[in-house]
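Undergrad: Below you'll find the structure I mean.
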Amino acid sequence: MSVTNEELLAKLEALQLQADRAEAVTICANIMARYVNYHAAFRHKEYVEFWAKRDDDILEMPWGKYYGIEGVRSCYLDHHKDRSEIDESKIAGAYFIHHLDTPVIEVAADGKTARGAWWSPGHETFPRHDGLPGQAAIWAWSKYGVDFIKEEDGWKIWRMRIYPMFKTPVGMSWTECSEFSGPINLDEFPKTDGPCTDTPWYMGPNMPYPADQPDPPVPYGSYSDLKKTFFGDMMTPPTAEKKD
Numbered sequence: 034m035s036v037t038n039e040e041l042l043a044k045l046e047a048l049q050l051q052a053d054r055a056e057a058v059t060i061c062a063n064i065m066a067r068y069v070n071y072h073a074a075f076r077h078k079e080y081v082e083f084w085a086k087r088d089d090d091i092l093e094m095p096w097g098k099y100y101g102i103e104g105v106r107s108c109y110l111d112h113h114k115d116r117s118e119i120d121e122s123k124i125a126g127a128y129f130i131h132h133l134d135t136p137v138i139e140v141a142a143d144g145k146t147a148r149g150a151w152w153s154p155g156h157e158t159f160p161r162h163d164g165l166p167g168q169a170a171i172w173a174w175s176k177y178g179v180d181f182i183k184e185e186d187g188w189k190i191w192r193m194r195i196y197p198m199f200k201t202p203v204g205m206s207w208t209e210c211s212e213f214s215g216p217i218n219l220d221e222f223p224k225t226d227g228p229c230t231d232t233p234w235y236m237g238p239n240m241p242y243p244a245d246q247p248d249p250p251v252p253y254g255s256y257s258d259l260k261k262t263f264f265g266d267m268m269t270p271p272t273a274e275k276k277d
């Protein structure tokens, strides 16, 4: 049975797309692995480069949303600061370790976007300011929902939401903790471009486990086929316009 040049070309293009999509899973997983490694090292200038340079970027931290690449830069460079701009004596004893676990990554059939979700069982330590020796240590559990987009310079983070689960001092049961596991005072955090989607850092001992925070990604054709963003309904996506 003969095959036309057009059919052969179409088959080769389909195989190339299949290979590119398979490779994208590893690329996106590596982006997130580098992200958490650089965050722990306060190398924030470097991980800003993991983001797409787009006005419709969205980053939701536990204290609010940042819109566009300038919002992302503001979060990481103005609020978190980069290691090159911090007196290292000020961060001695500060360790923010956020592991990534149970990854689910789906690349769109058109190869243009990807979606991933991770559990993040983390732990943090802070320099003490109460005169006591050692460090204050807490468990900080959360989840990540991340959309990736393929740009001219490769795969980039496009939209990210961190879903806080609970913060608990080490040595105390999270079911008994009220200092960290209840709603936090958002006034203590930097001004953002928009409010959190949900009340952060709360998982009461009698609350049911969230059904869809975040939903593990499922196979999809293109980004427009998705029914929900990590921030809500796809029919009413969050605005990228900054608020006064």
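Every number in the working numbering is 33 more than the matching position in the sequence shown, counting from 1. Built from N, CA and C at the ideal position, the CB exists for glycine as well.
1. Is the distance from the Cβ of H77 to the Cβ of L110 below 7 Å?
2. Can you tell me which residues form a DSSP beta bridge with G178?
3. Is it the case that the Cβ atoms of A173 and E157 are separated by a distance below 7 Å?
4. Along the alpha helix (DSSP H) that carries V105, what are the first and last residues, could you check?
5. Shortest alpha-carbon distance to W151 belongs to which of M198, G187, A170 and Y128?
6. Label D226 either buried or exposed according to how many other C-beta atoms from any shown protein chain fall within 10 Å of its C-beta, with 16 as the threshold for buried.
7. Roughly how far, in whole angstroms, is the beta-carbon of A127 from the beta-carbon of F159, given that I think they are within contact range, below 8 Å?
8. Less than 8 Å between the CB atoms is what I'm expecting for I130 and A73, so what's the real figure, rounded?
9. Give me the Cα-Cα distance between S214 and G144, rounded to the nearest whole angstrom.
10. According to DSSP, is H131 helix, strand or coil?
11. In its own chain, which residues sit with a C-beta less than 6 Å from the C-beta of G178, not counting the 5 before and 5 after it?
12. Would you give the residue range spanned by the beta strand (DSSP E) that I91 belongs to?
13. Suppose you measure from the CA of E79 to the CA of D180; what does that come to, to the nearest Å?
14. For the alpha helix (DSSP H) containing V36, name the first residue and the last one.
TA: According to the data block:
1. yes
2. A150 and R194
3. yes
4. G101 to R106
5. M198
6. buried
7. 6 Å
8. 5 Å
9. Confidence at S214 is low in this model, with a pLDDT of 46, below 50, so the placement of that residue should be treated as unreliable; the coordinate-derived value is given next. Roughly 40 Å separates the two Cα atoms.
10. strand
11. A150, R194, P247 and F263
12. I91 to M94
13. 19 Å
14. Where V36 is concerned, there is no enclosing alpha helix (DSSP H), given that its DSSP letter is neither H nor E.
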